[in-house]
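Please read the structure below before turning to the comments.
2 protein chains.
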Amino acid sequence: MPYDPSAFPPFAVTVDLVVLTVRRHALCALAVRRGEAPFQGRWALPGGFVRADEDLAQAAARELAEETGMRAHDPAVPVQDNGAHLEQLATYGDPKRDPRMRVVSVAHLALAPDLPAPRAGGDASNARWAPVEELLEQGGYGRNGEPVAPLAFDHAQILSDGVERARSKIEYSSLATAFCPPEFTVGELRRVYEAVWGVALDPRNFHRKVTGTPGFLVPTGGTTTRQGGRPAQLFRAGGATLLNPPMLRPEV
Amino acid sequence: MPYDPSAFPPFAVTVDLVVLTVRRHALCALAVRRGEAPFQGRWALPGGFVRADEDLAQAAARELAEETGMRAHDPAVPVQDNGAHLEQLATYGDPKRDPRMRVVSVAHLALAPDLPAPRAGGDASNARWAPVEELLEQGGYGRNGEPVAPLAFDHAQILSDGVERARSKIEYSSLATAFCPPEFTVGELRRVYEAVWGVALDPRNFHRKVTGTPGFLVPTGGTTTRQGGRPAQLFRAGGATLLNPPMLRPEV
DNA sequence: AGTGTTTATCGTCAAGCAGACGACTATGAT
DNA sequence: ATCATAGTCGTCTGCTTGACGATAAACACT
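From first to last, the protein sequence lines are chains D and Y.
Numbers 1 to 252, taken from my numbering, label the letters of the first sequence in order.
Numbers 253 to 504, taken from my numbering, label the letters of the second sequence in order.
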């Protein structure tokens with residue numbers, strides 16, 4: 001039977017990005033201001049159409065580079081350079097999620113170390129890192145007291161799913177190192193966990209856990225005092241990607 | 253700016269299903285025989301086009317019902333009736349994954365109790381439950397000695413991802429009960445874990461673990477001897493969906 | 001009726017890990 | 001010199017797990 005174009009409805013396919021980082025002890029996501037209708041002027045997740053000859057992961061990596069200048073990391077290589085971790089999150093395809101047409105969005109999750117200010121087409125006022133609670137609270141008020149409109153489309157749901165994925169994934173994988181610069185201290189890694197989970201962790205037990213897990217951290221030999229206090233050993237991410245037993249997220 | 257249809261390439265969007273069950277102590281997946289090119293006559297995962305007015309989850313539930321007669325389970329309700337657990341797995345969009353056209357497939361994972369023989373358009377020879385190792389081994393031979401061609405398209409990858417999702421998810425959730433009938437014994441649940449993980453578990457430690465986890469199992473009061481031996485208590489799935497601490501998968 | 005087989009269920013023990021927390025160390029700031 | 005800050009090493013206790021002995025209740029034989 002020959003291929004019949006009328007047998008299926010045409011869709012637009014986009015990738016949307018949940019780009020997370022830790023800034024000033026808070027879990028932040030990249031948001032861009034929409035320049036066009038619908039939701040003109042509202043904050044949204046970065047994203048765009050998948051091109052005709054492009055894989056989904058390629059499209060996500062391209063959008064990530066366009067918005068942040070980061071290169072996505074090859075998943076086969078351990079996270080240790082300036083590249084961000086990038087993975088598929090979920091796909092959103094409600095028929096009414098875009099009022100213009102039928103759009104299916106393949107959301108991706110990117111984890112990045114703290115970066116310089118974002119750029120969106122070179123216009124800094126149209127892109128920012130915002131704490132995820134600020135982006136997710138409906139009808140709240142921002143840091144400057146101005147009212148904050150909810151994210152465009154179903155992006156609040158996507159962001160929420162991405163944050164939940166990140167929260168659970170750092171439990172049983174070494175992914176938290178993706179939030180850190182190439183060399184980091186145990187305390188910096190602990191502050192990542194504390195920011196992502198929104199809890200305080202015991203520095204002594206955390207230190208025992210991460211240094212005692214084989215393959216998680218590799219000492220570089222150097223030390224730093226950039227956090228103040230006693231100099232701390234510097235580490236790089238080890239080859240291990242799975243944490244067994246996992247890092248336990250405190251209750252409540 | 254008005255909507256410009258030339259701004260994005262059109263895609264076909266499908267849902268493909270990884271339907272898993274446990275039959276005769278083996279993890280099995282539903283496969284259907286393709287009636288048309290490409291890959292005519294080869295085994296594939298069930299699936300089909302998403303309709304113009306349909307959500308992705310709706311499309312997956314519809315395909316599941318068409319292929320198996322099962323109703324998908326509302327995720328908000330605990331798994332305890334004949335409905336299958338259904339969740340989104342991942343999305344596959346390589347430009348060359350379908351030689352005819354650009355198709356993005358949103359794969360879903362369904363877990364079902366052992367069911368009567370499947371139906372595919374009423375023709376039993378075109379649908380079957382096959383052990384997942386049989387479907388995944390490339391160029392192997394089936395139970396009857398006939399050569400087995402690999403699954404169509406990228407369905408071996410999708411099936412592999414679905415199996416891996418199921419294997420990891422029963423560790424930390426009560427999802428293994430989705431493979432069981434509404435009432436089941438601890439031994440039957442244990443055989444589910446053994447089939448999905450491909451390991452042998454200690455019956456005494458398993459019993460202690462599952463009966464000691466609050467909210468996992470609810471005794472119905474009845475007993476059964478359908479497995480032979482001493483009568484076993486019957487249970488239903490409790491309300492708990494997360495297992496904490498998780499069920500540990502043995503090493504190696 | 002007795003014996004063996006099968007499956008279910010309860011108990012014991014030791015090893016490992018996590019949470020709570022004391023103690024000490026090495027920096028910079030005042 | 002003293003203090004504040006952060007890092008690192010230990011100790012103790014309780015919980016969970018893995019290994020495995022023992023008992024219980026059914027069925028299938030002889």
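Ideal Cβ positions, reconstructed from N, Cα and C, are used throughout, including at glycine.
Computed from a predicted model, the values in this text were never measured in an experiment.
Check, Outcome
"Val329/Y versus Ala492/Y - alpha carbon distance", "Its pLDDT being 47, under 50, Val329/Y is placed unreliably in this model, and the value from its coordinates should be taken loosely. C-alpha separation (whole angstroms): 11 Å."
"Gly474/Y (DSSP reduced to helix, strand or coil)", "strand"
"Contact set between Val104/D and chain Y, taken where Cβ atoms lie within less than 9 Å", "Phe263, Val265, Val302, Leu308, Thr343, Val356, Val358"
"Chain D contact for Pro347/Y (CB, 8 Å cutoff)", "yes"
"Check: Phe216/D C-beta below 7 Å from any heavy atom of the ligand HEM", "Of ligands this structure carries none, so the ligand HEM is not represented either."
"Complete alpha helix (DSSP H) runs within the region 381-441 of chain Y (minimum length 4 residues, chain order)", "384-388, 407-424"
"Proximal chain Y residues relative to Asp114/D, where beta-carbon distance stays under 9 Å", "The contacting residues do not exist; Asp114/D stays about 29 Å from chain Y at best."
"Cutoff 8 Å; reference Glu446/Y; Cβ partners in own chain excluding five residues on either side", "His277, Ala452, Leu453"
"Distance CB(Val192/D)-CB(Val104/D) smaller than 8 Å", "no"
"Through-space distance from Tyr424/Y to Asn496/Y, alpha-carbon basis", "7 Å"
"Amino acids of chain D, ordered along the chain, whose beta-carbon sits closer than 7 Å to that of Gln340/Y", "Ala90, Thr91"
"Minimum C-alpha distance to Met322/Y - residue among His337/Y, Ala309/Y, Leu308/Y", "His337/Y"
"Listed by chain order, chain Y residues near Asp53/D by CB distance under 8 Å", "Pro347"
"Whole-Å CB distance - Ala237/D paired with Thr177/D, under 8 Å assumed", "4 Å"
"Residue interval of the alpha helix (DSSP H) (run including Gly459/Y)", "It is worth fixing the name first, because residue 459/Y is His in this sequence and not Gly. Where His459/Y is concerned, the enclosing alpha helix (DSSP H) stretches over 455-464."
"Min CB distance Phe216/D to chain Y below 8 Å", "no"
"Pro113/D beta carbon less than 8 Å from that of Thr21/D", "yes"
"Test: Gln332/Y CB closer than 8 Å to a CB of chain D", "Any reading at Gln332/Y needs caution, since the residue's pLDDT is 44, under 50, leaving its predicted position unreliable; the model's value is listed next. Not an interface residue."
"Under 7 Å by beta carbon: chain Y residues contacting Phe8/D", "Ala264, Phe301"
"Pair within 8 Å by beta-carbon distance, Val358/Y and Leu308/Y", "yes"
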